[in-house]
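Reviewing the structure listed below.
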Amino acid sequence: MAATQVSEGVLKEVIKEADAGAQDVSAGDKITVHCTGSLSGNPPTKFWSTKDEGQKPFSFQVGMGRVIKGWDEGCKTMKIGEVAKFTLAAHKGYGKRGFAAWKIPPNAELIFEIELLSID
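Going by our numbering, the final residue of the sequence shown carries number 154, and the count climbs one at a time with no gaps.
Here it is as structure tokens:
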């Protein structure tokens, strides 16, 4: 499936469609996701995954600025059960500062595969 532009700097490619009638995400909803984050490149370099040993699904409130902008904007377009790949320009990720703990350099383009597990 072709990628669609969610907003300037956020592209979405649906990997697995949600079931018909699945619940949409709204700003303010608390959601739980599985996620794998990678630095773009050929091949992409994984820096984090909730599916790695010792990790667990990640929960956050959408649209409240508690995660990077690309997550807030992208996850608002999802439905329960959907799996999507989001490509984020640096300014929708960690920007000029990067994120040293995950070895994300400044101004890095990021790729996240997100599976929406639940809306609480």
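Yeah, the Cβ is synthetic: ideal placement off N, Cα and C, and Gly gets one too.
Quick check on the DSSP output: what are the complete beta strand (DSSP E) runs of length 3 or more inside the stretch 44-114, in order along the chain?
44-50, 64-73, 79-83 and 92-95
Nearest-angstrom Cα separation, counted from K80 out to I148
13 Å
Say whether the stretch 45-57 touches the stretch 114-130, bearing in mind that this needs 3 or more beta-carbon pairs closer than 8 Å, one atom from each stretch.
yes
E147 - containing beta strand (DSSP E), residue span:
L144 to I153
Cβ-based burial, A123 [other Cβ within 10 Å; buried from 16]:
buried
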